[in-house]
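Under our numbering, the first residue of the sequence shown is numbered 244, with each subsequent residue one higher.
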Amino acid sequence: MDMKRKTSHKSVDSIPVNLDGLTPGDLIEIFRFGYQHWAIYVGNGFVIHLAPPSEFAGAGCASLMSTLTDKALVRKELLQEVVGRNRYRVNNKYDAKFPPLPAAKIVRRAEEKVGQQLAYKVTSENCEHFVTELRYGVAASDQVRDVLVGVSIAGLGLAALGLVGAAMVRKKKQQNQ
Numbered sequence: 244m245d246m247k248r249k250t251s252h253k254s255v256d257s258i259p260v261n262l263d264g265l266t267p268g269d270l271i272e273i274f275r276f277g278y279q280h281w282a283i284y285v286g287n288g289f290v291i292h293l294a295p296p297s298e299f300a301g302a303g304c305a306s307l308m309s310t311l312t313d314k315a316l317v318r319k320e321l322l323q324e325v326v327g328r329n330r331y332r333v334n335n336k337y338d339a340k341f342p343p344l345p346a347a348k349i350v351r352r353a354e355e356k357v358g359q360q361l362a363y364k365v366t367s368e369n370c371e372h373f374v375t376e377l378r379y380g381v382a383a384s385d386q387v388r389d390v391l392v393g394v395s396i397a398g399l400g401l402a403a404l405g406l407v408g409a410a411m412v413r414k415k416k417q418q419n420q
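Right, dumping it as structure tokens:
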């Protein structure tokens, strides 16, 4: 089985979800408003994903409730229920960096976790970390890196604006003396 497929875009406009081209072990990136949720395809139309226990089917880890909890539940649900009307794609983005585990092992490891409550942290134990650990044996998340880079850049920008503002105030005070 070729586990090195990279990405392919799918969109859910009607039920049922098109399962053509999905292979057990594929990482599924789901585009929600303001964030991406991640699941792993395990076959027969089902995915396994990490979601806060208090949320309804289709809610993802980066939603509002996930910021208020330190636990998440491993769920097995139909892809169409998790995706809803959101756009999604297969995104095995780390295949060039980490060799994927055999599909049967990925699926077995995922199935063993269904129903378990796991620690959840947006920055280090989120839904992307969960699925990449299943596929590659390594927990990774670009979402976290991208957010941290964005926050750092924004912080530097605000600091620069503060320095410019302080310099302008100082200059104006000097001119008024």
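Heads up, the beta-carbon is just placed ideally off N, CA and C, and yes, glycines get one too.
* Buried or exposed: Thr-375, going by 16 or more other Cβ atoms within 10 Å of its Cβ? -> buried
* **Span separating the alpha-carbon of Asp-421 from that of Lys-414** => Here the chain covers residues 244 to 420 and nothing more, so residue 421 does not appear.
* Asked: Identify the residues that DSSP records as bridge partners of Gly-286: which are they?
  -> Phe-289
* Terminal residues of the alpha helix (DSSP H) in which Ala-315 lies -> Per DSSP, Ala-315 belongs to no alpha helix (DSSP H); it is in the beta strand (DSSP E), 314-321.
* Asked: How many angstroms separate the CA atom of Gln-421 from the CA atom of Ala-383?
  -> Residue 421 is absent from the model: the chain starts at 244 and stops at 420.
* CB-CB length for Glu-285 against Glu-354, believed under 8 Å -> With the sequence shown as reference, residue 285 is identified as Val, and Glu is not the correct amino acid for it. Yes, Val-285 and Glu-354 are in contact; Cβ-Cβ is about 7 Å, under 8 Å.
* Asked: CB-CB under 6 Å to Leu-361, same chain, minus the five flanking residues each way: which ones, in chain order?
  -> Ala-315
* Cut-off 7 Å between Cβ atoms - residues of its own chain near Gln-359, not counting five sequence neighbours on either side -> Val-317
* Consider the C-beta atom of Thr-266 and the heavy atoms of the ligand COA; say whether any pair is separated by less than 7 Å. => In the structure on display, the ligand COA does not appear, and there are no ligands present to speak of.
* To do: For chain D, find out if any of its Cβ atoms is closer than 8 Å to the Cβ of Gly-277; answer yes or no.
  => The structure shown has no chain D; it contains just one protein chain.
* To do: Give the range of the beta strand (DSSP E) segment to which Tyr-331 is assigned.
  => 330-334
* Go to Phe-373, then tell me how far its beta strand (DSSP E) extends in each direction, as first and last residue. => Taken as a continuous stretch (DSSP letters only), Phe-373 belongs to no beta strand (DSSP E), being part of the alpha helix (DSSP H) at 370-379.
* Decide yes or no for the touch test of the segment 271-279 against the segment 337-354: beta carbon pairs closer than 8 Å, at least 3 of them. => no
* Where Tyr-434 and Ile-271 are concerned, what is the direct C-alpha to C-alpha distance, given to the nearest angstrom? -> The chain is shown only over 244 to 420; residue 434 falls outside these bounds and no answer can be derived.
* Using CA coordinates, which residue listed in Val-357, Lys-340, Thr-366 is at the minimum distance from Lys-381? -> Note on identity: in this sequence residue 381 is Val, with Lys being the wrong assignment. The option with the nearest alpha carbon to Val-381 is Lys-340.
* To do: Determine the direct distance from the alpha carbon of Leu-377 to that of Lys-348, and round the result to whole angstroms.
  => 9 Å
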